[in-house]
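Following: one structure in C-alpha cells, then a few remarks.
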Amino acid sequence: MKIIDLCAHQIFDSRGVPTLEARVALKDGTVGVGSAPSGASTGSHEARELRDGGDAYQGKGVGRAIENVNGPIREALLGMDAALQGRIDDRLQELDGSADKSRLGGNALIAVSWAVADAAARSAGMELYQWLGGAQARQLPCPMFNVVNGGRHANNNLEIQEFMFVPSGADSFHEAMRMGSECYHALRRLLSEAGLSTAVGDEGGFAPNLERDEQALEWMVRAIEAAGWKPGEDVCLALDCAAAEWADGEGYRQSKSGARFQRGEMIEFYHALAGRYPLISIEDPLGEEDFEGFREITDALGDDLMIVGDDLFTTNAERLFRGLALGAANAILIKPNQIGTVSETIETVQLARRNAYAVIVSHRSGETLSSAIADLAVAVNAEYIKAGAPARGERLAKYNRLLEIEDRIF
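For what it's worth, the working numbering labels the leading residue of the sequence shown as 1047, then goes sequentially.
Dropping the structure here:
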C-alpha cells in the first residue's frame, strides 16, 4: 500500500464556504479521498483550521492549506505505507509541530488522514468501517436528529443551539430513520399550521421564533404524538446547549436575551427541563472550562441522562483525562476535525470506552458529502450519531450510508 502521490484541491462545504478535499494514490492504483468539514460553534481547544485571510471568500479561502498538502505533507508521506495509519498520523503531527495543528492546518491534516484511511480500505478490498474497526464493528448507532435550531445556528430568538429527536426505542437503524422522518415531517406540519417558520438551517432543522426555549420541546412532544409514536418510550429528546457561547466571567449570559445565570441556576434550569420533558441527553450544558460545573450536573442528572462533553473535551484525550479524574460528564462527542487525525480520534474513543463514557460521533454544521463519520460510528460501535435532521444531502449522505451498512451487516 505504498503512497505514490498526494494532492488536494478546493471544494465547498454545505454553507458555501471553501474547504479542501485530499486524494491519496497508492502503487496498486487505488485512490482514496478525504475532506474537511467546519464548525460554526467551535471550542477554543479544537485543532485550528488554516484560512487565507484577505478579501477573497471573506478571508475563508483554503489556498494555504492546499499548498501545505501539495508541498510539505506530500513530500513527507510519499513512499509511506498507507496501511500504517498510526505512523501516517504521527508523521502528520510531527510535521505540523504545533499543539493545535495551526502551522499546516487542522483542515489539511484531517482531509489527508481520512484520504489515507479510505485508500487503505479500498486497497484491502474492505469497507471503511471494517478497516477501522475490524470484526467487532457490528453495532449501528442511534441517530440524533437536530430538528430545531437556535444559538449560533440560527438568527431566531432561541438560546439553545440544537433540539433533537432521538428514536431510542427503535429496533433497527431503518426503523430509527422512519421514526425520525415521520416526527420531522409532523413537526413541519404543526409549525406551518401555527404560522411559524419552517425554513431549514445549516443542519436541516427549523428555526422558528418562540416565546421561550421550552416551547420548542413542547412542539416536539406534540410532533412525536402526531406521528403516532410515544414520547419518552419510542422517541426521546436531546439538547445541545453550546453553553460555552454563554460563558461570562464566573457566570453565564445568554447571548440573545441577555439573561444572566450563575452555575447553580443553570443546573436547576436543566433539572427542571429533565423533569418536564423526555430528555435523554444534554450536550455542553455549561462552559468549556467549567469542569467543576460538569461534575456537579453529572452528579445531579447523570443517573438519568447523558451529560455530553463537546467543547469541554474537543475529542482530545488530554482533556478527557481531566474530565475522567473529576467525574465531569458521562458521554463524549467525537468530531475528527476537532483533533485533526483519524488515529487520535480513535484513541480518544478508546479512552472513553475504557471508562464507560457513551460515545456520540458527530458531523459539523459546515459539512461535505463525505460519509466517513458514518463508517467511523460503526467502526467504534458508537451508541449515537449526530448528522443533522433527516434533510439536506450532506446530512442524508451519512444516514443513507448507515442504512447501506445495516443491510450489509444484517
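Here a beta-carbon is modelled for each residue, glycine too, at the ideal position from N, C-alpha and C.
Tell whether a beta-carbon distance below 7 Å holds between E1450 and E1413. Not a contact, by the Cβ cut-off of 7 Å.
S1084 - containing alpha helix (DSSP H), residue span: No alpha helix (DSSP H) contains S1084, which DSSP labels as neither H nor E.
Alpha-carbon to alpha-carbon, L1174 and F1219: Near 19 Å, if we compare the C-alpha coordinates of L1174 and F1219.
Nearest-angstrom Cα separation, counted from Y1230 out to F1367: Taking the straight line from one Cα to the other gives about 37 Å.
Three-state secondary structure (DSSP) of H1317: Three-state DSSP puts H1317 in a helix.
Span separating the alpha-carbon of K1073 from that of L1124: The straight-line gap from Cα to Cα measures roughly 11 Å.
Decide yes or no for the touch test of the region 1210-1225 against the region 1409-1424: beta carbon pairs closer than 8 Å, at least 3 of them. No, they do not touch.
With 16 other CB atoms within 10 Å as the buried threshold, where does Q1131 fall? Burial call: buried.
Confirm, please, whether the CB-CB distance from M1225 to V1281 is below 7 Å. In contact: V1281 and M1225 (Cβ atoms closer than 7 Å).
Any idea if E1329 is buried or exposed, counting beta-carbon neighbours within 10 angstroms, 16 or more meaning buried? The residue in question, E1329, is buried, as its Cβ has 16 or more Cβ neighbours within 10 Å.
Between G1089 and R1097, how many whole angstroms is the CB-CB distance? I'm expecting something under 8 Å. Not a contact, Cβ separation roughly 17 Å.
Continuous alpha helix (DSSP H) assignments of at least 4 residues falling wholly in the region 1307-1384: Counting only runs of 4 or more, we get 1309-1322, 1337-1347 and 1363-1372.
N-terminal and C-terminal residue of the beta strand (DSSP E) that E1249 is part of: That residue, E1249, is in no beta strand (DSSP E); it is neither H nor E in DSSP.
Are the beta-carbon atoms of G1196 and G1434 separated by less than 7 Å? The answer is no: Cβ separation not under 7 Å.
Between the region 1373-1382 and the region 1348-1360, do three or more beta carbon pairs fall short of 8 Å? Yes, since at least three Cβ pairs between the region 1373-1382 and the region 1348-1360 fall closer than 8 Å, the two stretches touch.
Three-state secondary structure (DSSP) at G1412? In this structure, G1412 counts as strand in the three-state DSSP scheme.
In three-state DSSP terms, what is V1077? The DSSP-derived three-state label of V1077 is strand.
From the DSSP output, in three-state form, read off D1259 for me. Reduced to three states, the DSSP call for D1259 is coil.
Cutoff 6 Å; reference A1428; Cβ partners in own chain excluding five residues on either side: Excluding sequence neighbours, A1428 sits near P1187, V1405 and V1407.
Using C-beta distances below 7 Å, list every residue in its chain close to I1343, excluding the 5 sequence neighbours before and after it, in chain order. Excluding residues within five positions, the ones whose Cβ falls inside 7 Å are I1313, Y1316, P1331, L1332 and I1353.
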